[in-house]
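This is the structure in structure tokens:
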């Protein structure tokens, strides 16, 4: 008897996981943000940029991580998120598709991101307050 506990039964599961992960507006914005700034970003910065609460941002990041789109790295008390990088043609095309979202759709988020990232001290995340928009 062969155990298949470690094998995926559906060869399309990887692809559907990515499409499902990107089917939510907040997750799509997070991906666009990570790809556009091409840098690590901490949860509190994402919270302030998207004007979302910590629970929602963490939930969305968990889904993106499960789909293999982002990874997390702990640095002291901070958890930073990065885009995983392309592992193949499909992932390259997903990245390109996300980056085709026009900047004018993200004007407010871009401004909040610039403001929030400028608060860093020596390139490190700091506790911030929600944007005053």
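Residue numbers (my numbering): 85 to 217. We put the beta carbon where it would ideally sit given N, CA and C, even for glycine.
In chain order, what residues of the same chain have a beta carbon less than 7 Å from the beta carbon of residue i, not counting five sequence neighbours either side?
| i | result |
| --- | --- |
| residue 128 | 209, 211 and 212 |
| residue 154 | 118, 145, 148, 165, 166, 167 and 168 |
| residue 136 | 110 |
| residue 178 | 102 |
How is the beta strand (DSSP E) around residue i delimited, first residue to last?
| i | result |
| --- | --- |
| residue 154 | 154-159 |
| residue 163 | 162-167 |
Looking only at its chain, what residues have a beta carbon closer than 8 Å to the beta carbon of residue i, apart from the 5 residues adjacent to it on each side?
| i | result |
| --- | --- |
| residue 112 | 106, 182 and 185 |
| residue 99 | 174 |
| residue 108 | 144 and 147 |
Just curious, the alpha helix (DSSP H) that residue i is in, first and last residue?
| i | result |
| --- | --- |
| residue 97 | 97-105 |
| residue 151 | Run containing residue 151: none; DSSP gives neither H nor E here. |
| residue 137 | No alpha helix (DSSP H) contains residue 137, which DSSP labels as neither H nor E. |
| residue 182 | 173-183 |
| residue 195 | 191-201 |
| residue 113 | 109-121 |
For residue i, which residues from the same chain have a beta carbon less than 6 Å from its beta carbon, with the 5 sequence-adjacent residues on both sides left out?
| i | result |
| --- | --- |
| residue 94 | none |
| residue 116 | 182 and 185 |
| residue 85 | Model confidence at residue 85 stands at a pLDDT of 40, short of 50, so the residue's coordinates are unreliable; what they give is reported in the following sentence. So no residue of the chain qualifies. |
| residue 156 | 163 and 165 |
| residue 104 | none |
| residue 130 | 141 |
Which residue's Cα is closest to the Cα of residue i: the options?
| i | options | result |
| --- | --- | --- |
| residue 158 | 124, 152 and 120 | 124 |
| residue 171 | 206, 152, 207 and 104 | 152 |
| residue 207 | 114, 126 and 103 | 126 |
| residue 143 | 190, 96 and 114 | 114 |
Taking the CB atoms as reference points, tell me whether residue i and residue j lie closer together than 8 Å.
| i | j | result |
| --- | --- | --- |
| residue 167 | residue 134 | no |
| residue 165 | residue 145 | yes |
| residue 101 | residue 180 | no |
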